[in-house]
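Undergrad: If you read the sequences in order, they're chains A and B.
According to my numbering, the first sequence is numbered sequentially starting from 4.
According to my numbering, the second sequence is numbered sequentially starting from 1347.
Every residue gets a Cβ at the ideal spot worked out from N, C-alpha and C, and that includes glycine.
Let me begin by handing over the structure; questions about it come next.
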Amino acid sequence: MTTQALRRPRPARSPWLHVAMVPVTLLWLSPIVFVLFVAVRSYDDIAGRGLGALPASFSLDGFTTALTQGGVLRSLGNSVLVTACAVVASLALSSFAAYALSRFDIPLRRTVLLTMLAGNLLPPQILLVPVASITAALGIGDTLTALVVVQVGFGIGFYTFVLHGFMRGLPNEVFEAARLDGAGPGGIFWRIVLPLSRPSLAALAALATTWIFNDLIWAMTVLRTEAKFPITAALLNLQGGFSSAWNVVAAGSLIAAVPTAIVFFLFQKQFVSGLLVGANK
Amino acid sequence: MSRRLARVPLLVWVFLAVPFVVEAFWVFWPAANSFSLALTRWDGIGLAEPVGLQNFRDLAADPIFLTALRNNVVWVLGFGGLSVVGGLVLAVTLNKPGPLVSLYRSAIYLPMVVSLAVSGLFWRVMYAPDGPVNGALGVLGLEHLERQWLADPAVALWAVLIAAVWRQVGYIMVLYLAGLKGTDGTLEEAAAVDGANAWQRFWRIVMPQLRGVNMVVFAVTVIDSLRTFDIVWAMTRGGPYNETQLLSTYMFQQAFTTGNLGYASAIAVVIFALAIGFIITYLARQARTED
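Rendered as structure tokens:
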């Protein structure tokens, strides 16, 4: 029996795993749980008993204040708008580039591809000052358009690289057949490459959505007017404005986390496969 | 050469050119500009005044810059070390099927969906003077450890670092879980039959097979460490007394709070210089797997 156990370890049945993991998991979730507690407590309860106390009151004041006076609703709208535009535009442009690089004999193909990827790996700090002055010079300084364009420009390299890897693996026979049917390069892209690339596009879309929605530094670089701030930047201001009203700040933070949490739970598989891109070989 | 060119239809050139030009305009051109701005003194309004390498000489004597540089080293080692060790341990522990195990896994990578800025706010709640961290220490009878975590220069950097690790561990775990899936289980079984214990099996059999993932994790961790900005900005803005300043936050402050755009560009060039080696490492690996 003991040799059997040694040869075929079945650690999933061992209670020690759960003995160790249950506390770790609870500890891991504790910041989220406490923020949830703080968000649903009343101001007086927090002021009287401290942030660390368990809830003795239930109130949605934090949420209503954050959404109305705090401008969380407006900034959430800005974030959704920027994210939707930037994700669609960057995936469209990168699928063009990836198609060209993966299915055609472009000279210096590999150099172009790696150069594009390298652009995405640069520390954003090296771009901030010039990007701020370029957007101002183009007359789009302090606009959501600028934020979308900057996000697209910075993300393209990575998305192109990932899509290229996927499109290169598509079977040649499909392309031969389409060419024999008289389809041109544009038709092949639209009718064959895009539909076949749906899994990797979905993974990238899930990943890009969380990245762009969660961005702070680009928003702070190109935007000046508070009314245009996406949720991340707006929350930091909220924290300054309502510094003693922790229930408002906590409620705002939770609202900010909801959209990406939805993406995560709906597309968990795509999300995880997106994270693995570039690392699973 | 011309025959190869002729085979690429015009439309395909357009397909490639448009995204490439967009990236060149918004990434490569600004990056190049930063290098020339680093050699100037510029307030963003008048003309940039060329000062040669003066900004870099000033940096070498700037105590805040030196603090930021030292903090960045602590950050790479602390943030990188803790999240890699934590992620690897969790990956090895949770690399098995089971409904509870997948629940644990989801809990560990759940923080990843919360933005770094919002994570910072979450942890401000945790670290508040009357918050859960001090509360828990009180319950455990460790009152002497209670403190103002984010206002105490001695611990503030580590307090922020722990918050960042909380969010990063899940990502590293996912990378290692994928790596472990690619390892050959029969090798481990054979070693078990030969009497190797779990510790030996891990270091001698599993770890060598994870070399590729290790490389990626290493490069990604260092690149991420040098980029770190949001969570520090959300939690401390570099304070108290610049004790949690990282190169990225100091650069941002110099650029957009103080308005020393040339000096800020010089800091950005330093960040670039520190990152470039790891970027090349990552690229070289991607180039190899791309074939």
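Smallest Cα separation from F37/A: which of E1395/B, A1363/B, L1467/B?
TA: By one-based count along the first sequence, residue 37/A stands at place 34. Comparing Cα-Cα distances from F37/A to each of E1395/B, A1363/B, L1467/B, the minimum goes to L1467/B.
Undergrad: Using a Cβ-Cβ cut-off of 6 Å (strictly less than) and excluding sequence neighbours within five positions of V1566/B, which residues of its own chain qualify?
TA: On the second sequence, residue 1566/B is found 220 positions in, with the first residue counted as 1. Once the five neighbours on either side are set aside, V1566/B has no close Cβ partner at all.
Undergrad: For the region 69 to 86 of chain A, which residues have a CB atom closer than 7 Å to at least one CB atom of chain B, in sequence order?
TA: none
Undergrad: Using a Cβ cut-off of 8 Å (strictly closer), state whether L239/A contacts chain B.
TA: Along the first sequence, read from residue 1 onward, the residue named residue 239/A stands at position 236. For L239/A, the answer is yes, since a Cβ of chain B falls inside 8 Å of its Cβ.
Undergrad: Taking only three categories from DSSP, how would you classify R227/A?
TA: If you number the first sequence from 1, residue 227/A lands on position 224. Looking at R227/A - three-state DSSP - the assignment turns out to be coil, as it is neither helix nor strand.
Undergrad: Is there contact between the region 249 to 259 of chain A and the region 93 to 107 of chain A, where contact requires at least three CB pairs shorter than 8 Å?
TA: no
Undergrad: Of all the CB atoms in chain A, is at least one closer than 8 Å to the CB of R1353/B?
TA: As a first step, residue 1353/B must be located in the second sequence, where it is residue number 7. By this cut-off, R1353/B is an interface position.
Undergrad: In this structure, how does DSSP classify S1348/B when only helix, strand and coil are distinguished?
TA: Sequence index remark: in the second sequence, residue 1348/B carries index 2 (1-based). Because S1348/B carries a pLDDT of 43, less than 50, the predicted location of this residue cannot be relied on, and the following value inherits that uncertainty. S1348/B: helix per DSSP, three-state reduction.
Undergrad: Name the DSSP bridge partner or partners of P1499/B?
TA: Here the question's residue 1499/B lines up with position 153 in the second sequence. Paired residues: none, contrary to the question.
Undergrad: What residues from chain A crowd round M1472/B, counting only those whose CB sits closer than 9 Å?
TA: The residue labelled residue 1472/B in the question sits at position 126 within the second sequence. Correct list: S33, P34, F37, V38, L54, G55.
Undergrad: Does the CB of A259/A have a neighbour CB from chain B at under 8 Å?
TA: Counting from one through the first sequence, the residue named residue 259/A turns up at place 256. Yes, A259/A lies at the interface with chain B (some Cβ there is under 8 Å from its Cβ).
Undergrad: Could you check whether the Cβ of D1530/B sits closer than 8 Å to any Cβ belonging to chain A?
TA: If you number the second sequence from 1, residue 1530/B lands on position 184. Not one chain A Cβ lies under 8 Å of D1530/B.
Undergrad: I want to know whether the region 180 to 196 of chain A touches the region 116 to 135 of chain A - three or more CB-CB distances under 8 Å.
TA: no
Undergrad: Using a 10 Å radius around the Cβ and a threshold of 16 neighbouring Cβ atoms, would you call S1611/B buried or exposed?
TA: Locating residue 1611/B in the second sequence gives position 265, where the first residue counts as 1. Buried is the call here.
Undergrad: Taking only beta-carbon atoms, is I215/A less than 8 Å away from chain B?
TA: By one-based count along the first sequence, residue 215/A stands at place 212. For I215/A, not one C-beta of chain B is nearer than 8 Å to its own C-beta.
Undergrad: Compare the beta carbon distance of V1563/B and L1521/B with 8 Å and say whether it is the shorter of the two.
TA: Counting from 1 along the second sequence, the entry for residue 1563/B is found at position 217. Counting from 1 along the second sequence, the entry for residue 1521/B is found at position 175. Contact flag set, yes.
Undergrad: Is R182/A close to chain B, meaning its C-beta is less than 8 Å from at least one C-beta of that chain?
TA: Numbered from 1 along the first sequence, position 179 holds the residue referred to as residue 182/A. By this cut-off, R182/A is not an interface position.
Undergrad: Would you identify the three-state DSSP class for R44/A, choosing helix, strand or coil?
TA: Translated into positions along the first sequence, residue 44/A becomes position 41. Coil, per DSSP.
Undergrad: With DSSP as the reference, please indicate the residues paired to R1386/B in a beta bridge.
TA: Residue 1386/B sits at position 40 when you count from the first residue of the second sequence. This sequence places Thr at residue 1386/B; Arg is not what is there. The partner list for T1386/B (beta bridge, DSSP) reads P1396/B.
Undergrad: Would you identify the three-state DSSP class for P233/A, choosing helix, strand or coil?
TA: As a first step, residue 233/A must be located in the first sequence, where it is residue number 230. The three-state reading of DSSP puts P233/A in coil, since its state is none of H, G, I, E or B.
Undergrad: Taking buried to mean at least 16 other C-beta atoms within 10 Å of its own C-beta, is H167/A buried or exposed?
TA: Sequence index remark: in the first sequence, residue 167/A carries index 164 (1-based). Under this definition H167/A is a buried residue.
Undergrad: Using a 10 Å radius around the Cβ and a threshold of 16 neighbouring Cβ atoms, would you call D184/A buried or exposed?
TA: Taking the first sequence and counting its residues from 1, one reaches residue 184/A at position 181. Classification for D184/A: exposed.
Undergrad: For the pair the region 1538 to 1554 of chain B and the region 1363 to 1380 of chain B, tell me if three or more CB-CB distances fall below 8 Å.
TA: Cβ pair count under 8 Å is below three, so no.
Undergrad: Where do the N-terminal and C-terminal ends of the alpha helix (DSSP H) with H167/A fall, by residue?
TA: Position 164 of the first sequence, counted from the first residue, corresponds to residue 167/A. Taken as a continuous stretch (DSSP letters only), the alpha helix (DSSP H) holding H167/A covers 147 to 171.
Undergrad: Examine chain A for any beta-carbon lying closer than 8 Å to the beta-carbon of T1439/B, and answer yes or no.
TA: Taking the second sequence and counting its residues from 1, the one referred to as residue 1439/B is at position 93. Yes, T1439/B lies at the interface with chain A (some Cβ there is under 8 Å from its Cβ).
Undergrad: Assuming V1463/B contacts D1570/B under a Cβ cut-off of 8 Å, what Cβ separation, rounded to an integer in Å, is found between them?
TA: The count along the second sequence starts at 1 and reaches residue 1463/B at position 117. The count along the second sequence starts at 1 and reaches residue 1570/B at position 224. Looking at the sequence itself, residue 1463/B is Ala, so the reference to Val does not match. With 8 Å as the limit, A1463/B and D1570/B do not qualify as a contact, their Cβ atoms being about 15 Å apart.
Undergrad: Going by DSSP in three states, G1432/B sits in which element: helix, strand or coil?
TA: As a working note, residue 1432/B is residue 86 in the second sequence. G1432/B: helix per DSSP, three-state reduction.
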